[in-house]
Structures are given as structure tokens and as C-alpha cells.
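Here is the structure we will look at, set down as C-alpha cells.
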Amino acid sequence: MVKKQISFFLFYFFTISMFCQVGKAVYGKQLKSYESDTPDNASQYAKKIVENLKTQEFQLTFNNQKATYKKIKFLNNNTSPVLKAMTEGIIDFRGALYYDNASDIILHEKEFAGVNYLIKRNKIDWILTKDTLKIDNYLCYKATTTYTIENTKGKHTLEVVAWYAPEIPIPYGPDGYGGLPGLILQLDNNGILTSLKKIEFFKKDNKIDIELPTKGKKVSEEEFNSIVSKQYTNRKN
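Note that my numbering has the sequence shown beginning at 29, numbered continuously upward.
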């Protein structure tokens, strides 16, 4: 098991040298584990949240140089505000993501407190393993990484597990994860599974133009987290 920081540039040239990839991939979400032996009221809420998660879909649109990732299926308008808030809290994704191979950049376009931000995502340090898993007839390899969150209970290190398919040589994936030598087909982020539901490849002459957003306040992940933290602190005072 060797720890490597993967550069988008390597995959850019690798992909171009192989063949042209243009298409769309749709992902769904679910809880990795669900305990049914909970109190009745809690169980009913949990079941509804699980059902809500299964209705959500996210689309990755890609070409060799760029990709974009957006939510394409939303909760029903009749969903109760409480269930909607709980489901959205688990999903924890708003806005749109943009991947740029040549510039080695992932941008998260996101609105917060009336301001549109362009958040430059941090580079991911992946640990590549030899573990394999067959997903939809694709042989996938396992890669892991960690990140740290801080809440009222202190700092916590969480693990992310990605299964990527070298047979699809594009360095993209769901939720801003990528930079691996193949498309991520499944992502386990702290018990939330994001899995490929379907993928469609287009003919070489079918071009998909993807432009990175330019309007918005450009910040790093750390700067954006600080802005959010200060905003919530001010609300409490």
C-alpha cells in the first residue's frame, strides 16, 4: 500500500493517449447500514429518510478536459420540512462542482448567506490498495483518504473509501472526489454510499462543452469554513 498524491496532469495525458471519453454518469445515495430495531417513532423517521435518499440523483457530465457534477432529482414538494432538513443534512451537498484537468482544479460553486462562492477544493491524498471489487461488470480498485471535521465534541478524523474503474480512464467521481486512475463508481463517506446507477458514453463527434464559473467570491475550503463558522457564531449572539 503506497501513499501517493495524484496529479490531475498525469491522468490528463493518460486519458488522451487512450481514447476520447465523453458522456454522463448518474449516481444515487443510500445509507451503508440501517438498524430497523429502533423505537417506533425513530424507526418511522429513519425509514422515510432512507426512502428519501433513494429518490435523489446526481449527474456527472464529462469530457476529457472537464466535468461538472450537479443534483438532478430533488425531494417532493410535499415532503415535511423536518424530513427534508434531515435528508439534506445527510446528503450535505448544495451547488455544483467543476473539475478541470489541465488546471488541476476542482471548484465548488455554492451560495451561502446571499453570497455566491467559488470554493477551490483541497487536493486529495489517496492511499491506493490492491483490493478489488466487481461493480456493474467493471473491475474496481480501492483507494482511501481521510479528512478532519470539528464540532462541539471536538475534532474527528473520518475515512472515505473510493472504488474506481481503470477501464473508464477518466479522473472524476461524485461529490468532488477524483484524481484517481479511473472513474469512481462507488464512494463510502462516513457511512453514506454514493453509487453509480447508470453511465452513458457518447460518440466522439458528440461534444460536451463545459465552462468553469467565473462569477463569485473565490475562496479556499478553509476560508469558506471560517466564513460559515463566523456566520453561525454571530447568529447565536
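For each residue, glycine too, the CB sits at the ideal point set by N, CA and C.
- Counting along the chain, Val188 sits inside the beta strand (DSSP E) bounded by residues 182-193.
- For Thr107, no alpha helix (DSSP H) encloses it, and the DSSP letter there is neither H nor E.
- In the three-state scheme derived from DSSP, where H, G and I count as helix and E and B as strand, Asp203 is classed as helix.
- In the displayed model, Gln84 falls within coil according to three-state DSSP, outside both helix and strand.
- About 6 Å separates the CB atoms of Ile77 and Met114; that is less than 8 Å, so the two are in contact.
- Taking 3 residues as the minimum length, the beta strand (DSSP E) runs contained wholly in the segment 108-186 are 124-128, 133-140, 143-148, 153-163, 166-179, in order along the chain.
- Remark: C-beta atoms of Cys168 and Trp154 do not approach each other more closely than 7 Å.
- With contacts defined by Cβ atoms closer than 7 Å, Tyr200 and Phe90 form a contacting pair.
- For Gln259, the secondary structure class from DSSP, reduced to helix, strand or coil, is helix.
- Separation of Asn179 and Lys94 (C-alpha to C-alpha, rounded to the nearest whole angstrom) is 34 Å.
- Residue state for Ile77 is assigned as helix, using DSSP reduced to three classes.
- Val247 has Ile147 as its beta-bridge partners, per DSSP.
- Judged by DSSP secondary structure, Val54 falls within the beta strand (DSSP E) whose first and last residues are 51-59.
- Per DSSP, the unbroken beta strand (DSSP E) holding Asp216 starts and ends at 211-217.
- Two segments are said to touch when three or more pairs of C-beta atoms, one from each, lie closer than 8 Å; by this definition the segment 248-255 does not touch the segment 98-106.
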